[in-house]
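What follows is one structure encoded as structure tokens, with my remarks underneath.
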Amino acid sequence: MDEMTRSRAANVVRPRTTRSHKGMYGRVVIVAGDEHFGGAAIMSATAAVYAGAGLVTVATAAVNHAALHARLPEAMVCTWTDAMLPQLLAQADVVVVGPGLGDSAAAHVVLQLVLDTVRTPQSLIVDGSAIDIMAAGHQHQTGTAQTVWTPHAMEWQRLSGIAIANQTVAASQAAAAELPGVVVCKGAPTVTLDGHVAFRNTSGGPAMATGGSGDTLTGIIAAFIGQFGYSLAVVAAAVWVHSAAADMVARSQYVALPTAVSAALPTLMAQLSHSNAE
Ligand SMILES: NC(=O)C1=CN([C@@H]2O[C@H](COP(=O)(O)OP(=O)(O)OC[C@H]3O[C@@H](n4cnc5c(N)ncnc54)[C@H](OP(=O)(O)O)[C@@H]3O)[C@@H](O)[C@H]2O)[C@@H](O)CC1
Ligand SMILES: Nc1ncnc2c1ncn2[C@@H]1O[C@H](COP(=O)(O)OP(=O)(O)O)[C@@H](O)[C@H]1O
Ligand SMILES: [Mg+2]
């Protein structure tokens, strides 16, 4: 099994060219946050912006819009039933679906819209409640998007059928081989795999055991794919950066608040890109 280390992550986070514009760094659409879980959408979107995504739009329940603008004016917003959502999804480089999505009829409908719309070369990150809905067999991935699944151990048990106690790398690789794309088996440590190769994460720790850490990771993965392309190594580098930012916070904080982790991303990514530039 390979290891995702600081130096390998630094190879991904390359310096930006002078002639940059935001269209070069990914149009990200985040479909998340029903009326109970608005925080998940805000944390995912915050992480996507702070990890360098070019443009971020959040499709979330209307009740979350004011809070989102208050915390993250950089993000644009719409609802799940907005007439412009299908076009936004079709024009996105990367789509995240699932953080705080819930299990309502509306959640099932918007998930199916995403699955029917997002196609390669677009990338699709499936997290949280979207994993649960798909695991329950209600909906299948009809598109052929470049996919990243981000289950924690219980979500992976639901999706793969492997009991948490039996989630060895070999068992997870076999299950991942039956799924399209990359699987981020979140845990301590997180292992990122594609049915053939696996990267064990070398950063992170128990300060991350708090609600919102996984929502935050989805935004970082989306921003990394938008800037650095879709590959197992880029996803594993995003996992490393997420956990390394948490380690920075945990040096002086007992718990690595997901919003504090996002706030640490621009500094950490600057350090990595400078080391890459040397
Ligand atoms: N602020 C917001 O809006 C937030 C919104 N959120 C949104 O909430 C939605 C539900 O996501 P969820 O992860 O909270 O619930 P679920 O999928 O049922 O899993 C928890 C169950 O699994 C069990 N479990 C056992 N082992 C485990 C392990 N190693 N890792 C993890 N779990 C393990 C665990 O066992 P127990 O704790 O009972 O021992 C418990 O029974 C989702 O859409 C998410 O995005 C959250 O992100 C939080 C902040
Ligand atoms: N003890 C730990 N060591 C390392 N990483 C951890 C630990 N506890 C939680 N994490 C990380 O925190 C995140 C939790 O994801 P998840 O359970 O989906 O959170 P959320 O509440 O946002 O849904 C994962 O990336 C996981 O690897
Ligand atoms: Mg989660």
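Under full-length UniProt numbering, the sequence shown has 167 at position 167, and the numbering climbs by one with no breaks. Beta carbons are placed, not taken as given, at the ideal position from N, Cα and C, and that holds for glycine.
Identity of the residue in the options nearest residue i by Cα
{"i": "residue 262", "options": "36, 35, 47", "result": "47"}
{"i": "residue 101", "options": "114, 228, 259, 9", "result": "114"}
{"i": "residue 130", "options": "264, 86, 198, 149", "result": "149"}
{"i": "residue 220", "options": "52, 89, 152", "result": "52"}
{"i": "residue 89", "options": "58, 203, 205", "result": "58"}
{"i": "residue 75", "options": "155, 24, 43", "result": "43"}
{"i": "residue 204", "options": "196, 186, 120", "result": "186"}
{"i": "residue 87", "options": "249, 119, 61, 243", "result": "119"}
{"i": "residue 279", "options": "269, 106, 242, 112", "result": "Within the shown structure, residues of the chain are numbered from 1 to 278, placing residue 279 beyond reach of any answer."}
{"i": "residue 35", "options": "13, 67, 175, 17", "result": "67"}
{"i": "residue 227", "options": "39, 94, 198", "result": "94"}
{"i": "residue 196", "options": "214, 264, 176, 24", "result": "176"}
{"i": "residue 125", "options": "275, 81, 216, 6", "result": "216"}
According to DSSP, residues forming a beta bridge with residue i
{"i": "residue 2", "result": "199"}
{"i": "residue 59", "result": "31, 78"}
{"i": "residue 259", "result": "According to DSSP, residue 259 bridges with nothing at all."}
{"i": "residue 193", "result": "183, 198"}
{"i": "residue 13", "result": "Bridge partners of residue 13: none, in fact."}
{"i": "residue 124", "result": "95, 147"}
Any non-hydrogen atom of ligand 2 within 6 Å of residue i CB
{"i": "residue 219", "result": "no"}
{"i": "residue 209", "result": "yes"}
{"i": "residue 206", "result": "yes"}
{"i": "residue 202", "result": "no"}
{"i": "residue 5", "result": "no"}
{"i": "residue 190", "result": "yes"}
Element boundaries [alpha helix (DSSP H), containing residue i]
{"i": "residue 167", "result": "Counting along the chain, residue 167 falls outside any alpha helix (DSSP H), and DSSP gives it neither H nor E."}
{"i": "residue 317", "result": "Not covered by the structure: residue 317. The range shown for the chain is 1 to 278."}
{"i": "residue 251", "result": "Counting along the chain, residue 251 falls outside any alpha helix (DSSP H), and DSSP gives it neither H nor E."}
{"i": "residue 71", "result": "65 to 71"}
{"i": "residue 46", "result": "38 to 50"}
{"i": "residue 112", "result": "105 to 117"}
Start-to-end residues for the beta strand (DSSP E) that takes in residue i
{"i": "residue 101", "result": "Segment: none, residue 101 is in no beta strand (DSSP E) and carries neither H nor E."}
Residues with C-beta closer than 7 Å to any heavy atom of ligand 1, in chain order: Those residues are 33, 37, 38, 39, 40, 43, 98, 99, 100, 101, 102, 127, 128, 129, 132, 152, 153, 154, 155, 164, 187, 211, 212, 214, 215, given in chain order.
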